[in-house]
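Quick notes on the structure that follows.
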Amino acid sequence: MRAMILILFAGLAACMPVRTYPGPQLPRAEVATIRGAVNSYGLSWVIAAVDAVDGKKILRRADEVNWGRIEILPGAHEVSASLWVSVVTPVTLVNRGSTPEFRRLSFIAEAGESYVVDGSWGGKPANNAVWIVNERTKQIVAGVKP
10 MRAMILILFA GLAACMPVRT YPGPQLPRAE VATIRGAVNS YGLSWVIAAV DAVDGKKILR
70 RADEVNWGRI EILPGAHEVS ASLWVSVVTP VTLVNRGSTP EFRRLSFIAE AGESYVVDGS
130 WGGKPANNAV WIVNERTKQI VAGVKP
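So for the sequence shown, this note's numbering puts the first residue at 10; every next one is plus one.
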């Protein structure tokens with residue numbers, strides 16, 4: 010039951026965008042959005058999460074994972090992303106390491122566009138990859154997809 014409540018709250022939080030700019034909320038056509046991705050491989054999950062945009066932390070704690078929508082202004086940005094590998098248990102999502110792997114990616118956001126931070130786990134850090142893709146065009150705008 011507790012796990013279902015946590016999933017419900019995580020889903021609601023993912024629907025509410027995090028704003029990284031000051032002032033009133035702007036229309037979607039005037040901002041860009043970026044979010045993380047969750048990829049399932051049987052019982053294992055690879056999670057690419059956004060930790061900071063332009064040095065501004067999105068998360069309050071180091072063990073939080075954010076794959077929800079984040080609003081940013083158009084222009085150049087640096088995104089700090091983390092790559093997690095987890096396994097599903099009946100109760101929780103467990104990280105297979107003490108800390109996630111962090112990467113920094115720079116890209117130019119366009120107004121009205123949506124971007125996804127995605128990643129793949131290659132078994133060891135040298136084989137891991139994190140990239141940013143434009144959700145509409147499917148063009149990779151930062152990093153390299155293997």
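Glycine included, each C-beta is placed from N, C-alpha and C at the ideal position.
- With a threshold of 16 other beta carbon atoms within 10 Å, Tyr124 meets it and is buried.
- Ala41 and Arg145 have their alpha carbons spaced roughly 12 Å apart.
- Going by C-alpha positions, Ile67 is about 5 Å away from Ala61.
- Spanning the alpha carbons of Gly64 and Tyr50 requires a straight line of approximately 31 Å.
- With a threshold of 16 other beta carbon atoms within 10 Å, Phe116 meets it and is buried.
- The C-alpha of Val126 is placed about 4 Å away from the C-alpha of Ile141.
- Only buried fits Ser95, as 16 or more other CB atoms lie within 10 angstroms of its CB.
- Counting along the chain, Asp127 sits inside the beta strand (DSSP E) bounded by residues Ser123 to Ser129.
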